[in-house]
Amino acid sequence: MRTVVAGGGSVIAGGGLAGAAAATRLAQGGARPLLIERTAGAHDKVCGDFVSTEAQAHLAALGFDAGRLGGHPIGRVRLTAGARRAEARLPFTALGLTRRRLDAALLDHAAAVGAEVARGVAVRQVEGKRLATSGGDLTADALLLATGKHDVRGAGRDRSGTIDRLIGFKQYFRAAPATLAALAGTIEIVLFDGGYAGVQRVEEGLVNLCLLVDRARFDTAGGDPMGLLIEREPRLARLLGDAARQLARPLAIGGVPYGFVHRADDGLFRLGDQAGVIPSFTGDGMSIALHSARLAADAVLAGATPAAYRVAFRRDCVRQIGRATALQRWATAGVGRRLVVGGIGLWPGLLGWAAAATRVPPAALARAGLGV
Ligand SMILES: Cc1cc2nc3c(=O)[nH]c(=O)nc-3n(C[C@H](O)[C@H](O)[C@H](O)COP(=O)(O)OP(=O)(O)OC[C@H]3O[C@@H](n4cnc5c(N)ncnc54)[C@H](O)[C@@H]3O)c2cc1C
């Protein structure tokens, strides 16, 4: 365990994309932030690994080229619900790239540009701008909370009104050539009763299956819910039934508060999932995390308050979180599910509309100093 330096300056709790991006931006702006990340090295995360074009633009603006990490380019989406299928071009090219690779590389980048990165140190409690960590206590001038899906004691999130009954699973597969061909350049979203799955290629010929399923269905699914879902959903069985699993056990996460937007004035700069949580099907959570990091770091560098940062975050991100949450409620219900697939089959432009309506808008990116 590493002893963290004592007090002062900007301290960032959490070294996912939001934390690492904020550390990078602060260091590039002349500060020397301290970032505290509880994991000691690169690790997998429950995530679809769909890196949107907006996320790539944010990374590029930090001097970080995600393209060099070898991800799989994705320019089409295929939607499946039972026997119905629809396909459309995405209005952008995304990247399929593992979080294990992306997050570790961005943290290295933050350290290379001058941030102090303390890995293997956990924040145990937050009290105002004081942190108790496994490496000692410290007080920050500005505290940026970027612990993602995980709440820290003393700084919990208000989950009222959010959808938090879904459980997320993720597994990597080494698949047959036919599956790799079917998924070339394409993300496939499979809607099923009680949830949905995203299947796409990532680097090194691997396939990511990430799914969200209602807790009620999970309870009845028995010991291997992901295996059972693959068996029961003909499309998943066709794609992945014979594929070799790469993780000894699927990763799982419960209680993600979809639709959450932070409102209270607690004196903290909350970034990423600590600021707002957009439903996963949009593939835009990483871009919101990076956008929030940029807004927060710029606010800290300019001496602005957390309240002023929160106003900017809400202006740029609250609408698409609201729209995506409404769409998620509707599209995972039976009739909505059939309408989504039927509608997109008839009019692929709907997909472009849905994609644009649930992303960080170009005007917000331009205000933050980047264009896509
Ligand atoms: C099922 C699912 C699928 C998704 N798919 C996609 C997708 O395809 N595309 C997309 O753009 N978004 C997707 N998302 C959303 C995306 O994963 C998040 O929005 C994004 O990871 C948020 O980044 P973050 O930095 O806020 O949090 P995280 O990436 O969760 O990072 C938080 C970091 O904080 C660290 N940490 C936590 N607690 C502590 C502590 N106490 N002390 C120190 N460190 C701590 C963690 O170890 C972690 O490294 C998905 C989410 C889910 C749940």
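Note that numbering that gives the first Met the number 0 has the sequence shown beginning at 0, numbered continuously upward. Ideal placement from N, C-alpha and C gives every residue a C-beta, glycine not left out. Quick caveat, the model's predicted, so the values are computed rather than measured.
**Asked** According to the Cβ coordinates, are Gly47 and Ser279 closer than 8 Å?
**Response** For Gly47 and Ser279, yes; Cβs fall inside 8 Å.
**Item:** First through last residue of the alpha helix (DSSP H) which encompasses Tyr308
**Value:** Where Tyr308 is concerned, the enclosing alpha helix (DSSP H) stretches over 305-330.
**Prompt:** How is His290 classed by DSSP in three states: helix, strand or coil?
**Reply:** Helix, per DSSP.
**Item:** Residue from His57, Leu143, Asp315, Gln199 whose Cα sits closest to the Cα of Asp265
**Value:** The option with the nearest alpha carbon to Asp265 is Leu143.
**Prompt:** Should His376 be counted as a contact of ligand 1 given a C-beta to heavy atom distance under 7 Å?
**Reply:** What is shown of the chain runs 0 to 371, which leaves residue 376 out entirely.
**Item:** Residue from Leu326, Gln245, Arg98, Ser133 with nearest C-alpha to Ala54
**Value:** That would be Arg98, whose Cα lies nearest to the Cα of Ala54.
**Message:** Between which two residues does the beta strand (DSSP E) holding His108 run?
**Reply:** No beta strand (DSSP E) contains His108, which is instead part of the alpha helix (DSSP H) from 98-111.
**Asked** Taking C-alpha atoms, which residue in Ala111, Ala183, Ala154 lies nearest to Leu130?
**Response** Checking every option, the nearest Cα to that of Leu130 belongs to Ala154.
**Message:** With a threshold of 8 Å on Cβ separation, who are the neighbours of Arg156 within its own chain once the five nearest residues in sequence on each side are excluded?
**Reply:** Correct list, in chain order: Asp150, Pro256, Phe259, His261, Gln273.
**Anticipated Cβ contact below 8 Å, Lys128 with Ile252, distance rounded** = In fact, because the Cβ distance is near 28 Å, the residues do not count as touching under 8 Å.
**Prompt:** Excluding sequence positions up to five away, which residues of its chain have a Cβ less than 7 Å from the Cβ of Ala180?
**Reply:** Excluding residues within five positions, none has a Cβ falling inside 7 Å.
**Prompt:** Under a Cβ-count criterion, where at least 16 other Cβ atoms within 10 Å of its own Cβ denotes burial, should Ser159 be classed as buried or exposed?
**Reply:** Here Ser159 is exposed, its C-beta having fewer than 16 other C-beta atoms within 10 Å.
**Request:** Below 6 Å CB to CB, which residues in the same chain sit around Val392 once its five sequence neighbours on both sides are set aside?
**Result:** Since the displayed the chain opens at 0 and closes at 371, residue 392 lies outside it and no answer follows.
**Asked** Quick one: does Ala82 have its CB under 8 Å from some CB of chain D?
**Response** Annotation note: the requested chain D is absent from the structure, which comprises a single protein chain.
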